[in-house]
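Quick notes on the structure that follows.
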Amino acid sequence: MHLGSHPLHDVAELIRLECQAFAAKIRMARAVLGWSQGKLAFRIGLTQRGVHKLEQGETEPRRATVLAIESVWHDEGITFEELPDGGFRVTVPSSVLERPATAASRRRHSARHHLGVTSIAHRTIV
49 MHLGSHPLHD VAELIRLECQ AFAAKIRMAR AVLGWSQGKL AFRIGLTQRG
99 VHKLEQGETE PRRATVLAIE SVWHDEGITF EELPDGGFRV TVPSSVLERP
149 ATAASRRRHS ARHHLGVTSI AHRTIV
């Protein structure tokens with residue numbers, strides 16, 4: 049039997065892809081906000097290590113964690129739109145982009161490649 053056609057394999061692959069997409073969203077939003085893993089962790093009630101594991105995309109987040117992160121995105125005005133090809137588009141309000149940077153966030157901005165955010169295929173700014 050070809051493993052790729054097995055329904056359980058397909059479900060496992062979908063879950064893996066969803067975790068990877070969610071991880072990318074977390075890294076992207078955190079980069080835009082200029083937040084450390086610790087700051088996001090504090091806002092959602094996790095440890096920095098918990099956020100790190102989510103950003104690796106290998107941990108399936110609990111529903112409560114997903115809702116807490118989505119609540120932060122909502123509070124900050126960041127929205128994600130799922131695209132038909134399986135990707136997503138992010139919308140960031142200009143007020144978020146115009147926030148004055150602190151010295152710490154400027155240092156983080158210069159090291160954003162460490163967040164795993166290398167490019168954004170689509171960007172909408174309201």
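Going by my numbering, the residue at position 20 of the sequence shown is 68; the numbering climbs one at a time, nothing skipped. For each residue, glycine too, the CB sits at the ideal point set by N, CA and C.
Length of the line joining the Cα atoms of residue i and residue j
{"i": "R91", "j": "E66", "result": "23 Å"}
{"i": "V140", "j": "A69", "result": "17 Å"}
{"i": "A89", "j": "H57", "result": "32 Å"}
{"i": "G134", "j": "A79", "result": "22 Å"}
{"i": "A151", "j": "D123", "result": "For A151, the predicted structure reports a pLDDT of 45, less than 50, and the residue's modelled location is therefore unreliable. The matter cannot be settled from this model."}
{"i": "K101", "j": "T95", "result": "10 Å"}
{"i": "I63", "j": "L115", "result": "17 Å"}
{"i": "V138", "j": "F128", "result": "5 Å"}
{"i": "E103", "j": "R75", "result": "6 Å"}
{"i": "S143", "j": "L81", "result": "11 Å"}
{"i": "F136", "j": "K87", "result": "24 Å"}
{"i": "P109", "j": "G98", "result": "10 Å"}
Bridge partners - residue i, DSSP secondary structure assignment
{"i": "E130", "result": "F136"}
Rounded Cβ spacing between residue i and residue j (contact assumed at less than 8 Å)
{"i": "A77", "j": "I126", "result": "5 Å"}
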